[in-house]
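A.B. asks: Sharing a structure with you now.
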Amino acid sequence: MTKIPCAIIGPGNIGADLMIKIMRTSQHLEVGAMVGIDSSSDGLARARRLGVPTTHEGVEGLLKLPNYKDIKIVFDATSAGAHVHNNALLQKDGKKVIDLTPAAIGPFTIPVINGDANLDEPNVNMVTCGGQATIPIVHAVKRASRRVVWGEIVASISSRSAGPGTRANIDEFTETTSKAIEILGGAERGKAIIILNPADPPLIMRDTIFTLSQGGSQEEIEKSILDMVSAVQKYVPGYRLKQKVQFEHIGDNAPVRIPGVGPVSGLKTTVLLEVEGAAHYLPAYAGNLDIMTSAALTTADRWASRQLAKEAA
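This is how it looks when you write it as structure tokens:
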């Protein structure tokens, strides 16, 4: 089967896991290059052992590789700041860019919400790990309600699964995720919190989602959430509810005050999730990284499938 060569910029936890995922599971992609800035990095060393062309000269080194002209899609797993520079160079050569940083140059993309809508965009942004895990639930509440006034998520991840890139982008994480809660989730106001849990042994990724909605029944909302969980499980099998969806009616006699909105009554929905990784490269507790690489690969595979179909036509 013909496959489209891709490159990965950033040989850290996310980049290395993505490389292994592509090799083991991708239907339409093959790894054409691994790009870093440290010649002694473990990710580059692993790529070399697997026969993948590498460079430690960053995106400029990628442009010099003999097979660069064959690479059609590039995953960027560096940082928000670095992505701005990388994307500018890659766009000049017409490369499809999948952004795994919080830079948000391209449109927010979550496979189960708008996975096909942005396939023709030159750059798509995969939001954040917390966003990939929780925004589908906010969206599920919205599609079963008339209005979601508030959406708040708390993502708790093991500190061991938070590399230097994640730690350097905490502010961008909260800002990007909050914005995506509104844009993709459909909430009028969004808030995101990330917790790096130092527990040892490491704990699996846990997420809590709160919404305040109006115009939807408990039964409709719960069914929508369960359907959404099943949809995410198709590419992240370890994505699951920790307990039954919880509801609380907020009456007009005791409304909650929403920042920028004011006193609001409605239906409060609380969802508790767990995300276990597939352990292709990273430990199973690193579900936060697994859901990012799985979402990015799902998006890229859909694009590659369409490209191959066009070429075959």
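With the working numbering applied, the sequence shown covers 761 to 1073. The beta carbon of each residue, even a glycine, is placed where N, CA and C say it ideally should be.
1) Where residue 905 and residue 937 are concerned, what is the direct C-alpha to C-alpha distance, given to the nearest angstrom?
2) What number of angstroms, rounded off, separates the C-alpha of residue 883 from the C-alpha of residue 1030?
3) Taking the C-alpha atoms as reference points, what is the distance between residue 1007 and residue 978?
4) Just the C-alpha distance for residue 925 and residue 878, rounded to the nearest angstrom, thanks.
5) Among all the DSSP beta bridges, which residues are the ones paired with residue 857?
6) Whether or not the stretch 928-937 and the stretch 852-862 are in contact is what I'm after, with contact meaning three or more pairs of Cβ atoms, one per stretch, closer than 8 angstroms; do they touch?
7) Can you tell me where the beta strand (DSSP E) with residue 843 in it begins and where it stops?
8) Return the chain-ordered list of same chain residues with a C-beta closer than 6 angstroms to the C-beta of residue 1017, the five sequence neighbours on each side being excluded.
9) When DSSP builds the beta bridges, which residues end up paired with residue 958?
10) Report yes if the C-beta distance between residue 918 and residue 963 is below 7 angstroms; otherwise report no.
11) Helix, strand or coil for residue 1000? Go by DSSP, reduced to three states.
12) Residue ranges of each alpha helix (DSSP H) run of no fewer than 4 residues wholly in the stretch 885-918, ordered along the chain?
13) What ranges does the beta strand (DSSP E) occupy inside the stretch 1007-1056, keeping only unbroken runs of at least 3 residues that lie completely in it?
14) Go ahead and pull the three-state DSSP assignment for residue 963.
15) Using the three-state DSSP reduction, which class does residue 1073 fall into: helix, strand or coil?
16) Measure the CB-CB distance between residue 831 and residue 792 and report whether it falls below 7 angstroms.
17) Rounded to a whole number of angstroms, what is the C-alpha to C-alpha distance between residue 885 and residue 892?
18) Which of helix, strand or coil does DSSP assign to residue 765?
19) Could you work out which residue in 901, 822 and 780 is closest to residue 769 when comparing CA atoms only?
20) What residue from 955, 944, 828 and 1020 has the CA that sits closest to residue 766's CA?
21) To the nearest angstrom, how far is the alpha carbon of residue 772 from that of residue 819?
22) Between residue 1053 and residue 985, what straight-line distance do the alpha-carbon atoms span, to the nearest angstrom?
23) Please check the pair residue 1061 and residue 996, which I expect to be a contact at CB under 8 angstroms, by giving their CB distance rounded to whole angstroms.
24) Terminal residues of the continuous beta strand (DSSP E) containing residue 1077?
25) Ignore the nearest five residues each way along the sequence and tell me which others in residue 988's own chain have a CB closer than 6 angstroms to its CB.
26) Counting only beta-carbon atoms, is residue 954 nearer than 7 angstroms to chain D?
27) How would you write the range of the alpha helix (DSSP H) that residue 1005 sits in, first residue to last?
28) Going by CA-CA distance only, name the one from 967, 950 and 949 that's closest to residue 957.
29) Along the alpha helix (DSSP H) that carries residue 872, what are the first and last residues, could you check?
30) Select from 888, 981, 965 and 1001 the residue whose C-alpha is nearest the C-alpha of residue 1042.
31) Can you name the residues that DSSP bridges to residue 973?
32) From the DSSP output, in three-state form, read off residue 948 for me.
C.D. replies: Let me spell this out:
1) 21 angstroms
2) Near 33 angstroms, if we compare the C-alpha coordinates of residue 1030 and residue 883.
3) Taking the straight line from one Cα to the other gives about 7 angstroms.
4) 25 angstroms
5) 834 and 883
6) yes
7) Counting along the chain, residue 843 falls outside any beta strand (DSSP E), though it belongs to the alpha helix (DSSP H) covering 840-852.
8) 1023
9) Paired residue(s): none; residue 958 is not in a bridge.
10) yes
11) Strand at residue 1000.
12) 889-903
13) Inside the stretch 1007-1056, DSSP marks whole beta strand (DSSP E) runs of 3 or more residues at positions 1016-1018, 1022-1024 and 1026-1035, from first to last along the chain.
14) coil
15) Here residue 1073 carries a coil assignment [DSSP, helix/strand/coil].
16) yes
17) 11 angstroms
18) The three-state reading of DSSP puts residue 765 in strand, counting E and B together.
19) Considering only alpha carbons, the answer is 822.
20) 828
21) 15 angstroms
22) Rounded to whole angstroms, residue 1053 to residue 985 spans 23 angstroms at the Cα level.
23) 14 angstroms between Cβ atoms; not a contact.
24) Here the chain comprises residues numbered 761 to 1073, so residue 1077 is not present and cannot be evaluated.
25) 896 and 900
26) In the structure shown, chain D cannot be found, because there is only a single protein chain.
27) Element bounds for residue 1005: n/a, residue is neither H nor E.
28) 967
29) 871-874
30) Closest in C-alpha terms to residue 1042, from the list 888, 981, 965 and 1001, comes 965.
31) Secondary-structure assignment with DSSP links residue 973 through a beta bridge to 908 and 1027.
32) In the structure shown, residue 948 sits in a strand (DSSP, three-state: E or B).
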